[in-house]
Amino acid sequence: MVSRLTLLKELAAIIPNDVLVVSSIGNNSGFWGQLTEREANLFHATLGMCTPAAFGLALALPNRRVLALDSDGNLILNLGVLGTVANENPKNLTILVMDNRNYLGSHKDEPGMPTATAGKMNLAEVAKACGIANACTIQDAAGLRAEIHKALAGSGAHFICASIEELDNDRPPRTKRLADPRENKYQFAGYIQRTEGVEILGSGLGGG
Amino acid sequence: MKLEKAQLVVQGLKEAGVDFTAGVPDAQFIEVYKMLADDPDIRYVGTANEAEAVGVGFGAWFGGKKPALILATSGLLVATYHLARINILHEVPLLVVIPYRGDIGDPRWLGLYKKTTEPGLNAMDIPYRIVSRPGDIVRTIKECNESARAWLKCIAVILNEEALW
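So the sequences go chain by chain: D and F. To convert, take the position in the first sequence, counting from 1, and add 17; that gives this note's numbering. To convert, take the position in the second sequence, counting from 1, and add 12; that gives this note's numbering.
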């Protein structure tokens, strides 16, 4: 079985710089932040908020590719979003779920408590049943590469469930500090303002 | 809810520059949701729960939209974790519009929300204004949205029985 790190390295190698990546809390954000140096990263989307945030971003910027870097426990908390995404069907949204089938295993030396995907739940089938036709499960880096290329070239929402190892024994070296949520907000919003010509951070009117 | 009062809410959102809304329909505010869903100038996204709506609004703000959440008092409870997170940790501004079920004077069995709505907003550090007169709806929505966007804070407008019904 493939590790989270192997897949994130593959993703870092193939994803264009202008694709907006919204990553969930935990090792998705932690590893992605160590592996990449991109302004187009929005980190720290908490439980249940990663795919909804990427979806809102995709609706607001329909001509920009957006990728949700989500995880099984995070997505399951707000699973209804898959039905919402299917009905709106943004042409520019890809949802990539790192499915390690347990809670908290990413921080431990042994697997945490099981998520529903450790049992009978199959997230790609759930996505299909919600109405996301382009939904699949991948098992390795080659599969990820093929599906990401397909998603970025295609139209309509794509859902990719990556079945990964239960534990993150394989970790990137920690070489830098990850921006905190406020810091990252200013970086990311500033980047969007500059590249999309929209106003996000307000008038900047002073006072006193 | 009378149609003309629902129109005032939508007018307030439009004059405030709100162009993106999300939420879950509420029986007492259904006219507002229907108007938003039909309005060509404001994108309405109907979500499966109110926490999802917070996430969608959060993302839309980063895309340059001026989002508002339309939340029932019950829905505010569902949204609490995500609202607290984006308001206190990320400091991302969303306007939150709430029809105030359970305020004093409400004859229905909804007093629960008197205990949760204002204390909940205070706990999440979300400033709010309560609107009691229909004539104040438009101005209050505009003022709250303007401050939300300038302060990078969520701000709520609570419309009570006298204003709406």
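Cβ atoms here follow ideal geometry from the backbone N, Cα and C, with glycine treated the same way. Note that the structure is predicted; figures quoted are calculated from it, not measured.
Checklist entry - With 16 as the cutoff for other CB atoms within 10 Å, does S172 of chain D come out buried or exposed? => result As a position in the first sequence, residue 172 of chain D is number 155, starting the count at 1. Answer is exposed; the Cβ neighbour count stays below 16.
Checklist entry - Does the Cβ of T192 of chain D have 16 or more other Cβ atoms within 10 Å, making it buried, or fewer, making it exposed? => result By one-based count along the first sequence, residue 192 of chain D stands at place 175. By the Cβ-count criterion, T192 of chain D is exposed, with fewer than 16 other Cβ atoms from all chains shown falling within 10 Å of its own Cβ.
Checklist entry - Around the C-beta of N91 of chain D, are 16 or more other C-beta atoms found within 10 angstroms, so that it is buried, or is it exposed? => result Here residue 91 of chain D corresponds to residue number 74 of the first sequence, with the count starting at 1. With 16 or more Cβ atoms within 10 Å of its Cβ, N91 of chain D is classed as buried.
Next on the checklist: When you compare the CB of M138 of chain D with every CB in chain F, is at least one pair closer than 8 Å?
Outcome noted: As a first step, residue 138 of chain D is located in the first sequence; it is residue number 121 there, counting from the start. No Cβ of chain F is located within less than 8 Å of the beta carbon of M138 of chain D.
Checklist entry - Taking buried to mean at least 16 other C-beta atoms within 10 Å of its own C-beta, is N44 of chain D buried or exposed? => result Within the first sequence, residue 44 of chain D is the residue found at index 27, counting from 1. The residue is buried, with at least 16 neighbouring Cβ atoms inside 10 Å.
Checklist entry - Does DSSP classify S172 of chain D as helix, strand or coil? => result Within the first sequence, residue 172 of chain D is the residue found at index 155, counting from 1. Coil, per DSSP.
Next on the checklist: For the pair the segment 44 to 56 of chain D and the segment 20 to 36 of chain D, tell me if three or more CB-CB distances fall below 8 Å.
Outcome noted: Yes, the segment 44 to 56 of chain D is in contact with the segment 20 to 36 of chain D.
Item to check | Contact the segment 54 to 71 of chain F vs the segment 63 to 77 of chain D: 3+ CB pairs below 8 Å | outcome: Under the three-pair Cβ rule at 8 Å, the segment 54 to 71 of chain F counts as touching the segment 63 to 77 of chain D.
Next on the checklist: Checking 8 Å against the spacing of the C-beta atoms, do M18 of chain D and I177 of chain D come in under that value?
Outcome noted: Looking up residue 18 of chain D in the first sequence gives position 1. Looking up residue 177 of chain D in the first sequence gives position 160. Contact flag unset, no.
Next on the checklist: Residues of chain D with CB closer than 8 Å to the CB of W177 of chain F, please, in chain order.
Outcome noted: Working through the second sequence from its first residue, we reach residue 177 of chain F at position 165. Those do not exist, as W177 of chain F stays about 30 Å from chain D at its closest Cβ, beyond 8 Å.
Item to check | Spatially closest choice to S88 of chain D from D:E105, D:H166, D:R82 and D:L121, by CA coordinates | outcome: For the purposes of this step, residue 88 of chain D is taken as residue 71 along the first sequence, with counting starting at 1. For the residues D:E105, D:H166, D:R82 and D:L121, the minimum Cα distance to S88 of chain D belongs to D:L121.
Checklist entry - Taking just the CA atoms, how far does T59 of chain F sit from C147 of chain D? => result Mapped onto the first sequence, residue 147 of chain D falls at position 130. Mapped onto the second sequence, residue 59 of chain F falls at position 47. As the crow flies, the alpha-carbon of C147 of chain D is around 13 Å from that of T59 of chain F.
Next on the checklist: Contact defined as beta carbons within less than 8 Å: I believe L122 of chain F pairs with R113 of chain F. What is the distance between those atoms, to the nearest angstrom?
Outcome noted: Looking up residue 122 of chain F in the second sequence gives position 110. Looking up residue 113 of chain F in the second sequence gives position 101. About 5 Å; that satisfies the 8 Å criterion.
Checklist entry - Secondary structure at D89 of chain D, three-state DSSP: helix, strand or coil? => result Position 72 of the first sequence, counted from the start, is the residue given in the question as residue 89 of chain D. In the structure shown, D89 of chain D sits in a helix (DSSP, three-state: H, G or I).
Item to check | Contacting positions in the segment 55 to 69 of chain D - beta carbon closer than 9 Å to chain F | outcome: So the list reads L59, H61, A62, T63, L64, G65, M66, C67, T68 and P69, given in the order they occur along the chain.
Item to check | Cα-Cα separation between Q210 of chain D and P79 of chain D, rounded to whole angstroms | outcome: For this step, residue 210 of chain D is matched to residue 193 along the first sequence. For this step, residue 79 of chain D is matched to residue 62 along the first sequence. Distance from the CA atom of Q210 of chain D to the CA atom of P79 of chain D, rounded to whole angstroms, is 15 Å.
Next on the checklist: Does L222 of chain D pass the burial test, meaning 16 or more other C-beta atoms within 10 Å, or should it be called exposed?
Outcome noted: Taking the first residue of the first sequence as 1, we reach residue 222 of chain D at position 205. The residue is exposed, with fewer than 16 neighbouring Cβ atoms inside 10 Å.
Checklist entry - Taking any Cβ of chain F, which residues in the segment 97 to 131 of chain D have a Cβ under 8 Å from it, in chain order? => result So the close ones are G97, V98, G100, T101 and E105.
Checklist entry - Counting contacts by CB-CB distance shorter than 8 Å, is V39 of chain D in contact with chain F? => result On the first sequence, residue 39 of chain D is found 22 positions in, with the first residue counted as 1. So yes, V39 of chain D belongs to the interface.
Item to check | Proximity winner among F:W163, F:K17 and F:P79, relative to G35 of chain F (alpha-carbon distances) | outcome: Here residue 35 of chain F corresponds to residue number 23 of the second sequence, with the count starting at 1. Looking at the Cα atoms, F:P79 is the closest of the given residues.
Next on the checklist: Restricting to Cα atoms, I'd like to know which of D:R81, D:S20, D:L113 and D:I155 is closest to S41 of chain D.
Outcome noted: One-based indexing of the first sequence puts residue 41 of chain D at position 24. Answer by Cα proximity: D:L113.
Next on the checklist: In the DSSP output, what is I110 of chain F paired with across the bridge?
Outcome noted: Locating residue 110 of chain F in the second sequence gives position 98, where the first residue counts as 1. Beta-bridge pairing links I110 of chain F to F:I170.
Checklist entry - When burial is assigned at 16 or more other CB atoms within 10 Å of the CB, is P105 of chain F buried or exposed? => result Along the second sequence, read from residue 1 onward, the residue named residue 105 of chain F stands at position 93. With 16 or more Cβ atoms within 10 Å of its Cβ, P105 of chain F is classed as buried.
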